[in-house]
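Peer 1:
Protein chains: 2
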Amino acid sequence: MGIAERKEKQKAEIRKMILDASMKLFVEEGFENVSIRKIADLIEYSPTTVYLYFKDKNEILYNLHELGFQKMMEYNEKTRLWEIKNPLVRLHKMGENYIAFGLNNPEFYDLMFIQNAPMETLNRDSCDWKSGDVALGKLKECLAECIELKLIVPGDLDAMTMTIWSTVHGMVSLAIRNRFNILVSEEELMPKMQQSLNWLLNILDTSGKKND
Amino acid sequence: MGIAERKEKQKAEIRKMILDASMKLFVEEGFENVSIRKIADLIEYSPTTVYLYFKDKNEILYNLHELGFQKMMEYNEKTRLWEIKNPLVRLHKMGENYIAFGLNNPEFYDLMFIQNAPMETLNRDSCDWKSGDVALGKLKECLAECIELKLIVPGDLDAMTMTIWSTVHGMVSLAIRNRFNILVSEEELMPKMQQSLNWLLNILDTSGKKND
DNA sequence: CAAATATACTTAACACCGTTAATAATCCAA
DNA sequence: TTGGATTATTAACGGTGTTAAGTATATTTG
Chain G
220 MGIAERKEKQ KAEIRKMILD ASMKLFVEEG FENVSIRKIA DLIEYSPTTV YLYFKDKNEI
280 LYNLHELGFQ KMMEYNEKTR LWEIKNPLVR LHKMGENYIA FGLNNPEFYD LMFIQNAPME
340 TLNRDSCDWK SGDVALGKLK ECLAECIELK LIVPGDLDAM TMTIWSTVHG MVSLAIRNRF
400 NILVSEEELM PKMQQSLNWL LNILDTSGKK ND
Chain B
220 MGIAERKEKQ KAEIRKMILD ASMKLFVEEG FENVSIRKIA DLIEYSPTTV YLYFKDKNEI
280 LYNLHELGFQ KMMEYNEKTR LWEIKNPLVR LHKMGENYIA FGLNNPEFYD LMFIQNAPME
340 TLNRDSCDWK SGDVALGKLK ECLAECIELK LIVPGDLDAM TMTIWSTVHG MVSLAIRNRF
400 NILVSEEELM PKMQQSLNWL LNILDTSGKK ND
């Protein structure tokens, strides 16, 4: 069936063209300028053709959001995060990377963790958010190791994961959405966030305290 | 100048009509359904009339966002938050109220802390986000008291404020945007968030630890 | 009191948006 | 070669925020 195969490849090719065009619009003109019509213009097809390859705009945004996760993983690989043996040190670096990624790629971060749109392709109940699951798994693992080695104050693993993730997400999203302007100036933002993360990791670190 | 005065009152009256209509749309049909045209329909004026009383849609959303802060303050007053003498207990209750408000009023929360739109009426540099400033001030005060009484692990006040706010904001916003679905089910969400907050406040509490 | 001006409001339009129904063109298999 | 599936298009629906231009109404001035 060489013919059906070629057709599949052509289909995949156009899907890729659409995603490439979306990506181009996304990085060059921002989230708000990713529209079906502009994508169609860029690939020189009519807007309705896009709907032959993607169910709706959300499905395109879902694909972009996955590219965001890829980019985030590259961040961690470039800084050799997974080579760090001490899980507490790794946790710290992980937080720093998360924040750095968010501030340097606000549009991607938006899509990955703030916008509703990409999640709407997933059916609510099954919770099949693969990218999120993988990323959160890393944090969970890291925390589990920390507990095992008695490096941090123990607690329910899911609750702890929630707290840590919430803190870094909270920081990035409040920063992105300009809610920290009342607290610090533009230049002080990054150092203050660093300080903020340090304080959190310091208080959950058991090593410096006389605990029994 | 009785005439100019009456005119002012009429102007204020229509402004209120617009805001009331916006509010009605907002609470009954959600954020996405607040449109200039629908507002105009509701008050039985043409859409362009709205622009004689508000610069743009963002200015209307800014006003709605302030009503959100009012609602949030009512939450704190109803639970007699400010009568709690112990600042650490107050901090805890403050966090619980924040989370409860966010989950019970996701649309308001969105407008207050997630959406960009309301902030765009403020000019970036002057940082004149009054509502946010007041609300954050309460948290800062509370933390300052905690430090003074040596109830929590000390640190830079701004950094600490950032951490605490980020954690509760992170929790609410991730919950609202369905990012916790991979971690907990709908029913477990609230208890797990409670647990998550408890763990944080427990580790920053100095009372249970042998500290010098 | 009448004319001129300022105020309040509307109509019409611009430039977008996501999405769908109906239609035309193309390709492949029988 | 014909018929059916695939692929793409045109046209339209029903929305969005916003602005320019025009029309009434009310107020002030000569």
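So the protein sequences, as listed, match chains G and B. So the first sequence is numbered by my numbering: it starts at 220 and just counts up by one. So the second sequence is numbered by my numbering: it starts at 220 and just counts up by one. A virtual CB, placed ideally from N, CA and C, is assigned to each residue, including glycine.
Counting only runs of 4+ residues fully inside the region 301-369 of chain B, write out the alpha helix (DSSP H) ranges in chain order.
Peer 2: Qualifying alpha helix (DSSP H) stretches, in chain order: 306-323, 325-328 and 349-367.
Peer 1: When Cβ atoms are compared, which residues of the region 385-415 of chain G fall closer than 8 Å to chain B?
Peer 2: Here the close residues are S385, T386, V387, H388, G389, M390, S392, L393, R396, N397, R398, F399, N400, I401, L402, V403, K411, M412, Q414 and S415.
Peer 1: Cα separation between M331(G) and V372(G)?
Peer 2: Going by the C-alpha atoms only, they are around 30 Å apart.
Peer 1: For the region 237-268 of chain B, list every residue whose C-beta sits within 9 Å of some C-beta in chain G, in sequence order.
Peer 2: The region 237-268 of chain B vs chain G, Cβ under 9 Å: nothing.
Peer 1: Taking all protein chains shown into account, decide if R396(G) is buried (16 or more other Cβ within 10 angstroms of its Cβ) or exposed.
Peer 2: Buried is the call here.
Peer 1: Does any CB atom of chain B fall closer than 8 Å to the CB of W418(G)?
Peer 2: With 8 Å as the cut-off, W418(G) counts as an interface residue toward chain B.
Peer 1: Of the choices E224(B), P325(B) and K228(B), whose alpha-carbon is the least far from that of F245(B)?
Peer 2: Selected option, being the one with the closest Cα: P325(B).
Peer 1: Whose Cβ in chain G lies nearer than 7 Å to the Cβ of T340(B)?
Peer 2: None at all; the shortest Cβ gap to chain G is about 12 Å.
Peer 1: Exposed or buried, A354(G), counting other C-beta atoms within 10 Å across all chains shown (16 or more means buried)?
Peer 2: Flag for A354(G) reads buried.
Peer 1: Tell me the rounded alpha-carbon separation between S265(G) and F273(G).
Peer 2: Approximately 14 Å between the Cα atoms of the pair.
Peer 1: Going along the chain, which residues of its own chain have a beta-carbon closer than 7 Å to the beta-carbon of L419(G), five neighbours each way excluded?
Peer 2: Cβ within range, chain order: T386.
Peer 1: Output yes or no for whether 8 Å exceeds the beta carbon distance between M381(G) and K411(B).
Peer 2: Yes, they are a contact pair.
Peer 1: Just to confirm, is the Cβ distance from I255(B) to K228(B) under 8 Å?
Peer 2: Not a contact, by the Cβ cut-off of 8 Å.
Peer 1: Check the DSSP bridge columns for I371(B) and list the partner residues they point to.
Peer 2: I371(B) is bridged to D424(B).
Peer 1: With a CB to CB cut of under 7 Å and the five nearest residues on each side skipped, what residues in its chain are close to L253(B)?
Peer 2: For clarity, residue 253(B) is Val in the given sequence; the question names Leu instead. These residues qualify, in order along the chain: S241, L244 and F245.
Peer 1: How would you call W384(G), buried or exposed, if buried means at least 16 neighbouring beta carbons within 10 angstroms?
Peer 2: It is buried - the Cβ of W384(G) has at least 16 other Cβ atoms within 10 Å.
Peer 1: Could you have a look at V254(G) and say whether DSSP puts it in helix, strand or coil?
Peer 2: Sequence check: residue 254(G) is Ser here, not Val. Looking at S254(G) - three-state DSSP - the assignment turns out to be coil, as it is neither helix nor strand.
Peer 1: Once DSSP output is grouped into helix, strand and coil, what is the label at T382(B)?
Peer 2: T382(B) falls in the helix class under three-state DSSP.
Peer 1: Taking 7 Å as the cut-off, is the beta-carbon of N324(G) closer than that to any non-hydrogen atom of the ligand GDP?
Peer 2: Within the structure as shown, the ligand GDP is missing, as the structure has no ligands at all.
Peer 1: I want to know whether the region 284-292 of chain B touches the region 327-341 of chain B - three or more CB-CB distances under 8 Å.
Peer 2: Output reads yes: the region 327-341 of chain B touches the region 284-292 of chain B.
Peer 1: Let me confirm a value: G374(B) is counted as buried when at least 16 other C-beta atoms fall within 10 Å, else exposed. Which label applies?
Peer 2: G374(B) should be labelled buried.
Peer 1: Using a Cβ distance threshold of 8 Å, determine whether the region 360-367 of chain B contacts the region 400-409 of chain G, with at least three qualifying pairs required.
Peer 2: No contact exists between the region 360-367 of chain B and the region 400-409 of chain G.
Peer 1: Mind reading off the beta-carbon distance from S350(B) to F288(B)? Whole number of angstroms is fine, and I expect it under 8 Å.
Peer 2: About 4 Å separates the two Cβ atoms, so the contact holds.
Peer 1: Considering only residues of the same chain and omitting the five flanking positions on each side of A259(G), which have a CB-CB separation below 7 Å?
Peer 2: Closer than 7 Å at Cβ, skipping near neighbours: S265, P266, T268 and V269.
Peer 1: Work out the CA separation of L362(G) and E251(B) for me, nearest whole Å.
Peer 2: Taking the straight line from one Cα to the other gives about 39 Å.
Peer 1: Report all residues from its chain with a CB closer than 6 Å to the CB of G314(G); omit the five preceding and five following residues, and keep chain order.
Peer 2: Closer than 6 Å at the Cβ level, and outside the excluded window around G314(G), lie V387 and L416.
Peer 1: For Y294(G) and F320(G), which I take to be in contact (beta-carbon distance under 8 Å), what is that distance rounded to the nearest angstrom?
Peer 2: Contact flag correct, Cβ pair sits at about 5 Å.
Peer 1: Nearest-angstrom Cα distance between K226(B) and E232(B)?
Peer 2: If you take the alpha carbons of K226(B) and E232(B), they lie about 10 Å apart.
Peer 1: Just to confirm, are W348(G) and L341(G) a CB contact at a threshold of 8 Å?
Peer 2: Yes, the Cβ-Cβ distance between W348(G) and L341(G) is below 8 Å.
Peer 1: Does DSSP put A231(G) in a helix, a strand or coil?
Peer 2: Note: A231(G) maps to helix in three-state DSSP.
Peer 1: Output needed in chain order: residues of the region 340-364 of chain B with a Cβ under 7 Å from some Cβ in chain G.
Peer 2: Within the region 340-364 of chain B, the residues whose Cβ lies closer than 7 Å to some Cβ of chain G are C346, W348, G351, D352 and L355, listed in chain order.
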